[in-house]
Each structure stands twice: as structure tokens, then as C-alpha cells.
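Colleague: Supplied in C-alpha cells, the structure appears directly below.
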Amino acid sequence: MINHVESPILEIHDLTVSYDQSPVLWNVDLSLPSGKLIGILGPNGAGKSTLIKAIMGLVAPSGGYVKLFDKTLEEVRSRISYVPQRESVDWNFPASVLDVVMMGTYGKLGLFKRPGKKEREIAMECLEKVGMQGFAKRQISELSGGQQQRVFIGRSLAQNADLYLMDEPFAGVDMATESAIFELLQRMTSEGKTVVVVHHDIYSAVNYFDWFIMLNLHLIASGPKDAVMTEDLLRKTYGGKLNLLTKVSELIRQKEFNPLKN
Amino acid sequence: MISISCGLLGVFMMLRKMSMTGDAISHAVLPGIVIGFLISGSQRGLEVIIGAGILGILATLMIDWLRKRARVQLDASIGITFTFLFAIGIILINLLAYKVDLDQECVLYGEIAYLPIDLWITGGGTSLGPRIMYLALLNLILVGIFIFLFFKELTVTSFDENFSMVIGIPAGIINLSLMSMVSYTTVSSFEAVGAILVVALLVVPPATAFLWTKKLDQLIKITIGIGIGAAFFGYYLAYYFDSSIAGMVVSVAGIGFLASALFKSKLISGRFGTSTKQEPFEKMI
Amino acid sequence: MSDFVYFFTFQDSSIAFVVMGIILLGVGSAYVGTYSFLDKKALLGDAISHAVLPGICLGFILAGTKNPIYIVSGAFFSGALATFLSSWLRKNTRLSEDAIIASILSIFFGFGIVLLTVIQKSGNPEMAGLNQFIFGNAIAILEEDLWIYGGLAVFIILTLTAFQKEFSLLVFNAEYGSAIGYPMGLIRLVFNVLMILSVIIGIQAIGVVLMAALLITPGAAARFWTDKLSYLVILAGVFSAVSGVLGTYISFVLPQMPTGPWVVVFLSLVALISFLFAPKRGVISRYISRRSYLKRTHQDHLLKALYRAGEKDQTNLSIEEIYETYPFQKKESNQSIKYLIKEGLITQNQSLITLTSKGKSESKRIVRLHRLWELYLNEYMNIAPDHVHDSAEKLEHILTPELEQLLESRLNYPKLDPHQETIPRDNDEL
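If you're matching them up, the sequences are chains C, Z and G in order. At position 9 of the first sequence (counting the first as 1) the number is 169 in the working numbering, and the numbers step up by one without a gap. At position 39 of the second sequence (counting the first as 1) the number is 62 in the working numbering, and the numbers step up by one without a gap. At position 209 of the third sequence (counting the first as 1) the number is 1253 in the working numbering, and the numbers step up by one without a gap.
So, in C-alpha cells, the structure goes:
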């Protein structure tokens, strides 16, 4: 059940991605509409993070390609924002909340310029949007999980992008933060932004997202909630039994090179 | 001045968790220094600095190659690279002993080879002095400019490399340039203070400062302060005790570090009852 | 040449001692270092080797002579202090591990230098040999020293071998070890002691800075040749011994050369060779297996082309047609043709290539795998028919008979692939 879209904001064509020597995503083909809140679902190890990383150019695919706004990544970097997983960073780093959010403006600043009043104002606005303006001077090592997540999102807002890709922004945050973030994401989509979120929990997902991508080493479904949230598709996603595919992946991993690469 | 340059670079090395790489580079540049000597015919050539710079980059590339292509784990890549390069350096020194006015001790701890009278002269003012000072000044200016220009790039790449790549910052180049600056600083300073002191100044003041503050600008300021303080105290203590300047400065810095660690940890655990770090359940060394 | 013979026939007993010493020292360090390497704490050894310096100097100051007992004890004390401080700092501060190791390393070493200059100032004639601790000089190993240091090395080797189980638990999964009741704290302590001891004896031959090589490089190199721990450790020891002997030899032949660096150079060479040429994991080996894999794929493609020609009722292909199908690969095509003829899968009559019956079977197998995989991608993974070809083209060469069976049963022995082509089986008529 893969819905394709006219003039998609993101188009993925026959994408195969390997991670650490074995393939994690097989021949993914999908297109995404703009202005929607899109959730990526799947069991652990399904390739959800890998998909986002491949879109962001952090991992090179073994086959296929990705198009954003009908262009390559390099051409439209300034229109895309990335929120990595919270654990990917050492929160002991000596930086204040405001410092981190301002990092979002660095992309547009260019190499030698220093961030100034304008960047600071943008950062403060974004902090307000995530409800952290009171924490601007606080050191990030003193934040709770939910607050850290808000800071990360604040940083991505500061990029002022049109497409946002977020890797598990709801993982390990408290209820209040979760609702706050969700409301923010809804506001963003109503303003015309597109937000793609890797999510870990089906039950809340049903209430949050308009469009779903279901992954389990390959694309099982991509489409609006009603079309895709069926028992059959959910079973295919979470029900396991992909032992053939996993066996082939194993076989590939055991070879000292990746036969899928050219 | 040297302690300031090292401190500035060292802060970023520490934040990137590359302190040991800094140690490795300072050893690895030895062959470059020797070759530079050989070419320029004296200790004082630009060739020496260029030689070291090249070796620094070479070392970084070797470590990278070992890790990525040969798939050797990171700590082993660092260890193998720097020991190999240092060994080559020592061999070169021995091979070319009659052509090169270098001494392996001299490289390691600077002036200790010039026992005993030259001890305090070399550090400070006579015929050798002013030259070293100019070198150090130049180094400081260049390091200062580097850090100033690329401050935000260095900060982002140290904090969150993936994000920095995504917003278009060339993380690999930034890394390589940082390593080059470290090699350059090492070599520019080795004549006065030797490789040991350079490493110590790269690593210990930032580590000590990190125990006291969590703010980046304070971190830098405290690091500089500690570096200067250690340099002064160490110098005078060395004079007083008639021993190695380099060693004394390091020891002073070391005492400062250990005292801070003791003070800070007891204070913190005393005040809050639990330590601020997550504790694993087992005793993990 | 005569030097070579003289050296290696060990006519000179002092040479024999030196060689023996180097071997024992090297093997001991390699053993300990390999475990440290597997623990991913390889640079800890570097820190310890720098950290023992103040202890050595202190021991010397107290003893007034190069008395090994004082020196070893002093070194041991400062090494132990350094290790203790490292773990204390890790538990009680938020400094990262590399910063801690680097700080301890430089601080202790710096303090050691201070003590060293004090000693040098005192003018004690005995102190001449102390410099050897920093730079190492294996040739200067004296007979009495050998008994002590050699004995220690043997002790280290024996302990590690006897308790291999315990130590491997330590580096693989210490928590599991505690969970099943092993005294991991004690084992860790013993390991640290062994590490410090091997550093103490090692740096005399090779010096402080290069000691890390004796610890890390043998294990890193050996890792590329085997996955079994017992072989790994022994191989590391062998590498270390060989490099040690070679290094000593160079030092013997060129007297102004210190031994240490040459040992390290040989070790690094061994390591480089291992990284490049070790079967399976070496860079070159991987390259070669990739090349032979590509050759295989080309042969398979040829067989497929012949089969597909057969589907169109063309019983053979001319060489020109083959060249046309795979342009720019004339050389590979020729090689494949030769190989396939040799294997009895095809025959060549002038310029026409025909499948033998063995070849027919084999080509059917490949085409079958290709089409089965395409069907699997299409049916099970919802992948469009025009996207399945590339993946199948690559995987048809590696799917095993077991996987083939799995595919068949999963797809229920299908007759057609997504492109409506027949899936060939052995009992069909071609």
C-alpha cells in the first residue's frame, strides 16, 4: 500500500542502504506530500534512523537516490532541518541552551561570520516556541531529557527550514513535553512546513500523524492514516518473519565486501 | 605564550575527546622535525615547521586510514601510528647524528639536554631567547586567529558532528586543520619546552578548567589562566630547585589538576550527597 | 654476513642473553597488551609507561644505586598510583576517559622529569643508566637483571595463560562475569598488576614512549589473522618475539642504533603486512576476493546470456554477440569463456559458444535464482517490477542452495517471475 504523490516534497527512488556491511533498507520507493505531519514506524532495527540519515546524506546509499524539492540535497540544504537522536551528543558539553539553539543559524551565516544580534533574536524566538525561553542561559548539562529534546527542536526551528526530519524526538520524554512538542509540530504543519518524524510507539502514533511510512527492512506501506493503518499492514510491519531477508543480510555481512555496492 | 596557544587548542581537543590524539601528534612530528633540520641545516628553519606540519597531517591521515580502510580500532590506530613515526624519528636522528645537531633528549624535554647552566637562560632572555619569543608570539597570533575565525565551526563540529555536516560545514576539513595547528604549535614550541610540556599544556589546563566550569568562554579563560600560572610558578620553582623547567611546569599544573579534582568532587558529593555522574553498579575501572 | 652468522648462532653468550631477554619482555608485553587491546583500552598502557618514571627515579634516589628491587618497587608504586587515580577520576569527575589518561600521563611523566634532573644534578655516576629507562637499550641488559626481569616476564605469561578464561571474561563482558560469580574486581586488580609489571620490564628494552607499541601493535596485528583468543595471544607473542630479535640484530650490527626504535619499526611492518594481507580481513585480501567475485559474476552473466538466447530458440551465441552484450569487457569475456570451457560448462566451436548439459543446469540455476528473487521482492516487499532487476542481478551470485530452497517454499514453487518469464527448473526441457 504505497501512495505516490504528485509534486512530492521528498522522493525516494529504489533506495538501498547498507549499514556496517549489511543492507538495512532494501529498494525503498516512496514520495511524500508537503505540509503534513508524517510518522515513520517500524520495529527496532527496521532501518528508520538509517532512512533519515540517508536522506540527510550522512550515509551513502548502495543504490537508488533521494530527491528533495525535486533537487539534490546539496542544492537545497538550507531548506532542510535535521534533529538527531538525543544520545548522539554528549550533553556535558559546555554550552548554554541559547548557544545550542543559535547553532541552527550557523548554516545560513557562512564560514567566517560571527553570530550577532539577529541570530540571537531568532534563537530566542525559537526558544519561546518550544517553551524554553526562561532557560536561555542554563547549561545543557543541567537539563532533563524532555528539556534537552526541546532544545534540539528549538535548534532546528532556528534553521527556518521547510522540511524537518526528526529522529525519535519523543523518546524518553515526559508526558508534558510530549504533548507540547506535538502541538508545536501541528502548528508547524499548519503553517505549511513538512515534518517527518521517526517514532517508536504505534499507539500514540495513531493520534499524532496524518501520513505514515511503515518500514521493516523494506518499505511496507506509505500513505495517509486511513489507507495504511490496517491490521494486515501492521502485522507485516511488526510481525517479524522476515527471516529470509535477514538471512540474506547475514550472508552479505559475512562477505568481507558488500556485493550490493558497485 | 606557548601555554596560551596550547591551552586554546587543547580545549577543543578535549571537547572532541581527542586528547590522546594530541599526545600522539606531538610524538609523531619527530621525523618531520629531523628531516626539516636536515634540509635547512639548522634548528631554526622554516623547513622544520613545515616538516612537522606535514608529519602532523600524515599522522592524522594514517590514523584515519587504519581506522577506515584497514578497519583497526581507534585507540590501536593512534598507538601504532605515533610509535611508528616516533621510532622513525629516533632512527633518523641516530642515522644522521653527524649532520643534525639534534638530540633525542632535547626533543623530548627541551632544555634538559643543556644542563645545568643553560637551564634558566634558555627559558627567558639571552641570545636564544628573543628568537623563541618571536616564534611563540607568531604561533600565538596564528592560533588566536584560527580559533577566532573558526570558533563557531569548531564548536559545532565538536558538539554534534552529524548536525554540522547536515548544515553544510566541512567537518573533515575543520578536523584536519585543527590537527595541523596542533602539529605546528608542537614544533614551534619544542625547542623551548620539548614535546612533553606541549602535551601537558594541551591537556591538563583544559581538564582542570573543566572541573571548575561548564561555560565555554569561562573554560577558555580559566584554561589560559591556569596555563600562565603554571608557567610562572613552574619556572620559579625550577629556578629554586635547580631542576627542569618543563618538568616543573607540568608538575605544578598537575598539582593544580589533582587538587581541583579532589576539592571539586568532595565538595560536590558533600553538598548533594550523590555524585553528579551516573554511577555504574559494578566497580568499573 | 659473518655478523649475521655470529649473531644467530649465539656464540656470544651475552648476545644470547639479550635475545632471550628481548623475547621474554616482548612476549610478556604482547600478552598483556593484547588483552588491553581487546578491552579497547590500548592507550592505558601508554599512560602507565609514562607514569612509572617518577617511581623509577624515586627508587633510585632511595637506593643510591640501580638496584632492581628498589627500582621495580618504585616503578610499581607509581604505576599503581596512576592506575588508581585514573579510575578514581573516572568515577568522580565528568572528565572523559581520553582526557584523564592524557592528563595522568603527562603529569606523572613531568614529575618524573623533575626527579630525573635532580638525580642528574647529584652527579651520582650510577645514574648514567637511568636514561636508558626513557629510551631503552636492550643491549645493555645485564645477566643479573635478566633473571629478575625474565622471571617476571615468565610469571606474567604463565598467569595470563593459566587464567585465560577469567581474563577474557574481564575484557569481553565484565558485568556478566560478576553476574555468574567471578570476582571481577580481583581479576581486574591482578590484570592491572600484570600490566604495570610488564611495562616496567618492557621500558628497559624499548623506552617509555615506544612501550605502547610493544603492548598494542602485536595484538592489533594478530587480530587480523584469527578470531580465536588462544591463537590470537600466541600469535601476538610470536610477532613480538620476531620483531624483538630482528631489532636487536640491527642494533648489534649498527652499534650506534638504539634497539627500541628498530623493534618498533619491525613490529609496525608486521602490523602493516597483517593489515594488508591477512586472509579475509586484510585490505588486499578483501580487494582480491572482491575481484574474484566480480569475475564470478561475469561468468554467471555469460551463462545467463546463453540461457536467455536458448529461450528464444537460439542454441548458441557467437563471440561477437557476447562482446556486443557486454561492451568494454572484452578481456573479461575472454577470461570467462576460457574458464567456463575449462569447467566444462560451455564448448566453443570456432566462434560459436554452446552450453553443455552441465552448463545448462548451472545457467538454469542462476536464472532461477534471479527470477525467484525478483518475485520475492515484488510479492513480499511490494517493490515495483521495474526496480527488482538490479537487486536480483547482484544477488543471484550469492544466494545459497539453502536460501534457494527457502525462497521456493516461501513463494510456493512459482512458475512465472514479475516479468512473466518462466522460472526454469531442472526437469524442464530447454
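Ideal Cβ placement from N, Cα and C applies to all residues, glycine included.
Below 7 Å between beta carbons is the criterion; list the residues of the segment 179-210 of chain C that meet it against any residue of chain G, in chain order.
Modeller: So the list reads Trp186, Asn187 and Asp189, given in the order they occur along the chain.
Colleague: CB-CB under 6 Å to Leu1159 of chain G, same chain, minus the five flanking residues each way: which ones, in chain order?
Modeller: Excluding residues within five positions, the ones whose Cβ falls inside 6 Å are Pro1098 and Cys1101.
Colleague: With distances taken from CA atoms, which of Z:Lys91, Z:Asp265 and Z:Tyr258 is nearest Ser1166 of chain G?
Modeller: The residue with the shortest Cα to Cα distance from Ser1166 of chain G is Z:Asp265.
Colleague: If you reduce the DSSP assignment to three classes, tell me which class Asn1217 of chain G lands in.
Modeller: Three-state DSSP puts Asn1217 of chain G in a helix.
Colleague: So is Asp1434 of chain G in contact with chain C if we call contact Cβ pairs under 8 Å?
Modeller: Answer yes: the Cβ-Cβ gap between Asp1434 of chain G and chain C drops below 8 Å somewhere.
Colleague: So who's on the other strand from Val356 of chain C, going by DSSP bridges?
Modeller: DSSP output for Val356 of chain C lists C:Ile198 and C:Leu325 as bridge partner(s).
Colleague: Less than 8 Å between CB atoms is the rule here; does Asp1357 of chain G satisfy it with respect to chain Z?
Modeller: Chain Z contact via Cβ: absent.
Colleague: Let's test the definition: count the other Cβ atoms within 10 Å of the Cβ of Asn1492 of chain G and tell me whether it reaches 16, buried, or not, exposed.
Modeller: This structure does not reach residue 1492 of chain G, given that chain G is present from 1045 up to 1474, and the question cannot be answered.
Colleague: The segment 231-243 of chain Z: which residues have C-beta closer than 9 Å to a C-beta of chain C, in chain order?
Modeller: Listed by position, the residues of the segment 231-243 of chain Z near chain C (Cβ gap below 9 Å) are Phe233, Thr236, Lys237, Lys238, Leu239, Asp240, Gln241 and Leu242.
Colleague: Given Gly167 of chain Z, which residues of its chain have a CB within under 6 Å of its CB, disregarding the five upstream and five downstream residues?
Modeller: Taken in chain order, the list of residues that qualify is empty.
Colleague: Short of 7 Å in beta carbon distance, which residues of its chain neighbour Ile1144 of chain G, apart from the five on each side in sequence? Order them along the chain.
Modeller: Once the five neighbours on either side are set aside, the close Cβ partners of Ile1144 of chain G are Ser1130, Leu1133 and Arg1134.
Colleague: Less than 8 Å between CB atoms is the rule here; does Phe186 of chain Z satisfy it with respect to chain D?
Modeller: This model lacks chain D altogether; the protein chains it does include are C, Z and G.
Colleague: Between Phe1211 of chain G and the rest of its own chain, which residues show a CB-CB distance below 8 Å, the 5 nearest in sequence each way excluded?
Modeller: Within the same chain, Phe1211 of chain G has close Cβ partners Tyr1079, Leu1204, Ile1231 and Phe1235.
Colleague: Are the beta-carbon atoms belonging to Gly270 of chain Z and Ala253 of chain Z less than 8 Å from one another?
Modeller: In this structure, Ala253 of chain Z does not lie closer than 8 Å to Gly270 of chain Z by Cβ.
Colleague: Measuring only the C-alpha atoms, how far is Ile1059 of chain G from Ile114 of chain Z?
Modeller: Cα to Cα, the separation comes out at about 22 Å.
Colleague: Hey, could you find the ends of the alpha helix (DSSP H) Asn185 of chain Z is sitting in?
Modeller: Run containing Asn185 of chain Z: Glu184 to Val189, per the alpha helix (DSSP H) assignment.
Colleague: Quick check: the Cα distance between Ala276 of chain Z and Cys29 of chain Z, rounded to an integer number of angstroms?
Modeller: Roughly 13 Å between the two C-alpha positions.
Colleague: To the nearest angstrom, how far is it from the Cα of Ser63 of chain Z to the Cα of Leu119 of chain Z?
Modeller: Their Cα atoms are separated by approximately 14 Å.
Colleague: Is DSSP giving Asp1430 of chain G helix, strand or coil here?
Modeller: If DSSP states are grouped into helix, strand and coil, Asp1430 of chain G belongs with the helices.
Colleague: Between which two residues does the alpha helix (DSSP H) holding Asn403 of chain C run?
Modeller: Asn403 to Gln414 is the span of the alpha helix (DSSP H), which, as asked, contains Asn403 of chain C.
Colleague: Quick one: is Lys1374 of chain G buried, meaning 16 or more other Cβ sit within 10 Å of its Cβ, or exposed?
Modeller: Exposed, because fewer than 16 other Cβ atoms sit within 10 Å of the Cβ of Lys1374 of chain G.
Colleague: Going by the beta-carbon positions, is the gap between Ile219 of chain Z and Gly1154 of chain G smaller than 8 Å?
Modeller: Contact: yes.
Colleague: If you reduce the DSSP assignment to three classes, tell me which class Val165 of chain C lands in.
Modeller: If DSSP states are grouped into helix, strand and coil, Val165 of chain C belongs with coil.
Colleague: Need the endpoints of the alpha helix (DSSP H) that Asn117 of chain Z sits in, please.
Modeller: First-last of the alpha helix (DSSP H) with Asn117 of chain Z: Leu97 to Leu118.
Colleague: Which chain Z residues sit within Cβ distance under 7 Å of Val249 of chain C?
Modeller: Going along chain Z in sequence order, the residues near Val249 of chain C (Cβ under 7 Å) are Phe182 and Asp183.
Colleague: Alpha carbon to alpha carbon, how far is Glu1387 of chain G from Thr210 of chain C?
Modeller: Using only the alpha carbons, I get a separation of about 43 Å.
Colleague: If the criterion is Cβ atoms closer than 8 Å, does the pair Leu1346 of chain G and Glu1406 of chain G meet it?
Modeller: No.
Colleague: With a cut-off of 8 Å on the beta carbons, I'd call Ile380 of chain C and Met374 of chain C a contact; round off their distance for me.
Modeller: Right, their Cβ atoms sit about 4 Å apart.
Colleague: How would you write the range of the beta strand (DSSP E) that Ala1107 of chain G sits in, first residue to last?
Modeller: It is not in any beta strand (DSSP E) - Ala1107 of chain G instead sits in the alpha helix (DSSP H) that spans Ala1086 to Ala1107.
Colleague: Any C-beta of chain Z within less than 9 Å: which residues of the segment 242-266 of chain C qualify?
Modeller: Under the 9 Å Cβ criterion, the segment 242-266 of chain C contributes Tyr242, Val243, Pro244, Ser248, Val249, Asp250, Asn252, Phe253, Pro254, Ala255, Ser256, Asp259, Val260, Met262, Met263, Gly264 and Tyr266.
Colleague: Mind listing which residues of the segment 1449-1462 of chain G have their C-beta closer than 8 Å to chain C's C-betas, in chain order?
Modeller: Within the segment 1449-1462 of chain G, the residues whose Cβ lies closer than 8 Å to some Cβ of chain C are Leu1450, Leu1451 and Arg1454, listed in chain order.
Colleague: On the DSSP letters alone, give me the boundaries of the alpha helix (DSSP H) that Glu1376 of chain G sits inside.
Modeller: Element bounds for Glu1376 of chain G: Lys1374 to Lys1386.
Colleague: Which value, in whole angstroms, describes the spacing of the CA atoms of Ile40 of chain Z and Ser1140 of chain G?
Modeller: Residue identity differs from the one stated: residue 40 of chain Z is Lys in this sequence, not Ile. Lys40 of chain Z and Ser1140 of chain G: Cα-Cα distance of roughly 7 Å.
Colleague: Restricting to Cα atoms, I'd like to know which of Z:Ala47, Z:Ile243 and Z:Leu38 is closest to Ala1257 of chain G.
Modeller: Here the closest residue by C-alpha is Z:Ala47.
Colleague: Would you mind giving the Cβ-Cβ distance between Ile1200 of chain G and Gly1072 of chain G, rounded to the nearest angstrom? I have them listed as a contact below 8 Å.
Modeller: Yes, Ile1200 of chain G and Gly1072 of chain G are in contact; Cβ-Cβ is about 4 Å, under 8 Å.
Colleague: Quick one: grab the DSSP three-state call for Ser127 of chain C.
Modeller: Residue 127 of chain C cannot be examined here, being either before or after the span of chain C that is shown, 161 to 422.
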